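Peer 1: In terms of my numbering, the sequence shown opens at residue 151 and continues consecutively.
Attaching a single structure in structure tokens format; questions to follow.
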Amino acid sequence: MADKVYGTSNGRPVDESEIGRLAVEAEEGYDPDSLRRRGGRRPMGSGPADVVPVRLDPELKSQVESRAQLDHVSTSEVIREALRRYLDVA
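Okay, here's the thing in structure tokens:
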């Protein structure tokens with residue numbers, strides 16, 4: 151039976167010696183400060199954002215989706231902007 155061929159996410163082949171080296175490295179642990187920070191969601195406002203689920207009737211949801219498509223933004227951004235405008239006026 152043939153040996154299993156492993157590869158990276160971009161398709162580069164990984165041989166047994168490299169797998170062994172990576173396993174030893176992982177078992178020794180990593181210094182968190184030396185790890186490359188990956189991208190993620192940009193912070194919003196002054197702190198971590200909370201997820202607040204809301205219920206929308208089909209007509210309102212359709213209007214929000216249409217506006218998001220028109221403005222090339224997410225539906226969440228349309229809802230956030232609407233709330234900001236509502237609260238600034240109140």
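Every residue gets a Cβ at the ideal spot worked out from N, C-alpha and C, and that includes glycine.
The structure displayed is predicted, hence computed values, not measured ones.
1) Check whether the Cβ atoms of Val-201 and Val-214 sit closer than 9 Å, and answer yes or no.
2) Would you kindly work out how many angstroms separate the C-alpha atoms of Asp-233 and Ser-224, rounded to a whole number?
3) Between Val-164 and Thr-158, what straight-line distance do the alpha-carbon atoms span, to the nearest angstrom?
4) Could you check how far apart the C-beta atoms of Ile-169 and Tyr-180 are, in whole angstroms? I think they sit under 8 Å.
Peer 2: Taking the structure as given:
1) no
2) Looking at the sequence shown, residue 233 is not Asp but Leu. So the two alpha carbons sit approximately 14 Å from each other.
3) 7 Å
4) That pair is no contact at about 17 Å.
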